[in-house]
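If you're matching positions, the sequence shown starts at 38 in my numbering and goes up one per residue.
The C-beta atom is built at its ideal place from N, Cα and C for all residues, glycine as well.
In this text, all values refer to a predicted model and were calculated from it rather than measured experimentally.
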Amino acid sequence: MPKLPGVSHSRAVRAFEKAGFWVVREGKHISMTEGGRIIIIPRENPINAFTMGGIIKDAGMTVKEFKKLL
């Protein structure tokens, strides 16, 4: 899995919103959905590269697709 270093939680949320996700709940983590899938984004700056890769995979995207949304 390619690394994706240096992504803040706010940039990740904006990128997923461009992909059709919306925020369902906010707290220590941000829960987002697009109707079928649910992803959880931690409030870290920056988000660990391996954690971010797992979130992207859970969203049904590739790292390359996600980078285009940033």
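Beta-carbon contacts of VAL61 that lie in its chain and below 6 Å, excluding the five residues immediately before and after
On the sequence shown, position 24 is the one that residue 61 refers to. Excluding residues within five positions, the ones whose Cβ falls inside 6 Å are SER68, THR70.
When the Cα of GLU123 is compared with those of HIS46, VAL100, PHE103, ASN85, which residue comes out closest?
This structure cannot speak to residue 123, because the chain is shown only from 38 to 107.
So PHE103 packs on ILE76, CB below 8 Å; how close in whole Å?
For the purposes of this step, residue 103 is identified with residue 66 of the sequence shown, where counting begins at 1. For the purposes of this step, residue 76 is identified with residue 39 of the sequence shown, where counting begins at 1. Not a contact, Cβ separation roughly 11 Å.
To the nearest angstrom, how far is it from the Cα of LEU41 to the Cα of THR99?
As a working note, residue 41 is residue 4 in the sequence shown. As a working note, residue 99 is residue 62 in the sequence shown. Those two C-alpha atoms are separated by around 11 Å.
Since ARG74 contacts ALA96 with CB under 8 Å, what's their CB separation in whole angstroms?
Here residue 74 refers to the residue found at position 37 of the sequence shown. Here residue 96 refers to the residue found at position 59 of the sequence shown. Right, the Cβ-Cβ distance comes to about 6 Å (below 8 Å), so this counts as a contact.
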